[in-house]
Amino acid sequence: AQTVTQSQPEMSVQEAETVTLSCTYDTSESDYYLFWYKQPPSRQMILVIRQEAYKQQNATENRFSVNFQKAAKSFSLKISDSQLGDAAMYFCAYRSHTTGNQFYFGTGTSLTVIP
Amino acid sequence: DGGITQSPKYLFRKEGQNVTLSCEQNLNHDAMYWYRQDPGQGLRLIYYSQIVNDFQKGDIAEGYSVSREKKESFPLTVTSAQKNPTAFYLCASSLTNRGLYEQYFGPGTRLTVT
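Same order as they appear, the protein sequences are chains A and B. With this note's numbering applied, the first sequence corresponds to residues 1 to 115, in that order. With this note's numbering applied, the second sequence corresponds to residues 116 to 229, in that order.
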């Protein structure tokens, strides 16, 4: 089974600053999908951003962008201009292109935004 | 509005009792999933189903059972055999097509067993 590692259990950032959350994964596949989810205190999981492995261009969604390094099996999330509402748990997830329907999640990074 | 509903939001049971958590989706997704979330452990897969009347065990299926009689519904039963059932339970669904399709999640059920 694929494994997803988030090595930063906790991170903090000053409001309006930029923070990067790291994620690495282990796979022998060449094609797959990667996701970042946000879980605020309400505990509702919200999709932040997604990336197909065969696309070289890094995905961007407003203040959220990724740095996808396929050879290094790294998929970090950058949050620019951090806002108080960004405070949450962030989970990195992997979905196989071939087996399709199972998702593998990291253990999460708890992000604190300091006013 | 399409989405996933889980009920109830909070559930309390006495030790030794079975309890069933509800999950319903109207997204027309074939695949449905149950996860357990404990502090510091992320999401752990309990069971998943890719089609009606079929389901597979995940990483921590012991002490749990599921059914998938309808496409929209995937209830999870926490049996008395589950040694540590107090946790937050998340239901999710997704398309089964190949492609950049994410999982959609319900709001979760917090189960407390005393």
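Glycine residues also receive a C-beta, built at the ideal position from the N, C-alpha and C atoms.
For G223/B, return the contacting residues in chain A, with the cut-off set at a CB-CB distance below 7 Å. Here residue 223/B refers to the residue found at position 108 of the second sequence. Within chain A, the C-beta atoms nearer than 7 Å to that of G223/B come from R43, in chain order.
Apart from the five residues just before and just after A93/A, which ones in its own chain have a Cβ nearer than 8 Å to its Cβ? Taking the first sequence and counting its residues from 1, one reaches residue 93/A at position 93. Closer than 8 Å at the Cβ level, and outside the excluded window around A93/A, lie V4, L34, F35, W36, Y37, F103, Y104, F105 and G106.
Indicate the three-state DSSP secondary structure (helix, strand or coil) for L21/A in the structure shown. Counting from one through the first sequence, the residue named residue 21/A turns up at place 21. L21/A falls in the strand class under three-state DSSP.
Taking only the alpha-carbon atoms, compute the straight-line gap between Y219/B and R128/B and give it to the nearest angstrom. Looking up residue 219/B in the second sequence gives position 104. Looking up residue 128/B in the second sequence gives position 13. One C-alpha to the other measures close to 27 Å.
Residues bridged to Y162/B by DSSP? Counting from one through the second sequence, the residue named residue 162/B turns up at place 47. Y162/B is bridged to W149/B and K172/B.
Please state the DSSP three-state secondary structure of L142/B. By 1-based counting over the second sequence, the position of residue 142/B is 27. In this structure, L142/B counts as coil in the three-state DSSP scheme.
Here's the rule: buried if 16 or more other CB atoms are within 10 angstroms of the residue's CB, otherwise exposed. What is G108/A? Working through the first sequence from its first residue, we reach residue 108/A at position 108. It is buried - the Cβ of G108/A has at least 16 other Cβ atoms within 10 Å.
Compare the beta carbon distance of G178/B and Y163/B with 8 Å and say whether it is the shorter of the two. For the purposes of this step, residue 178/B is taken as residue 63 along the second sequence, with counting starting at 1. For the purposes of this step, residue 163/B is taken as residue 48 along the second sequence, with counting starting at 1. No, the Cβ-Cβ distance between G178/B and Y163/B is not below 8 Å.
Determine the DSSP secondary structure at D26/A, reduced to helix, strand or coil. Reading the first sequence from its first residue, position 26 is the one you call residue 26/A. Residue state, collapsed to three classes: strand.
According to DSSP, is L84/A part of a helix, a strand, or is it coil? Here residue 84/A is taken as the residue at index 84 of the first sequence, counted from 1. Correct three-state label for L84/A: helix.
Partners in chain B for N101/A, counting only beta-carbon separations shorter than 8 Å: One-based indexing of the first sequence puts residue 101/A at position 101. Chain B residues near N101/A: A146, Y163, Q165, S209 and T211.
Residues of the stretch 178 to 201 of chain B with a CB closer than 7 Å to any CB of chain A: list them in chain order, please. none
Residue nearest to P115/A in terms of C-alpha spacing, selected from K70/A, F75/A, D86/A and K78/A: One-based indexing of the first sequence puts residue 115/A at position 115. Ranking K70/A, F75/A, D86/A and K78/A by Cα distance to P115/A puts D86/A first.
Y33/A touches chain B at which residues, Cβ-Cβ below 7 Å? The residue you call residue 33/A lines up with position 33 of the first sequence. Within chain B, the residues near Y33/A are L215.
Classification of S208/B by the beta-carbon crowding that lies within 10 angstroms, buried from 16 upward: Here residue 208/B is taken as the residue at index 93 of the second sequence, counted from 1. Per the 10 Å Cβ criterion, buried.
Locate the beta strand (DSSP E) running through F35/A, then write down its first and last residues. Locating residue 35/A in the first sequence gives position 35, where the first residue counts as 1. Residues Y32 to Q39.
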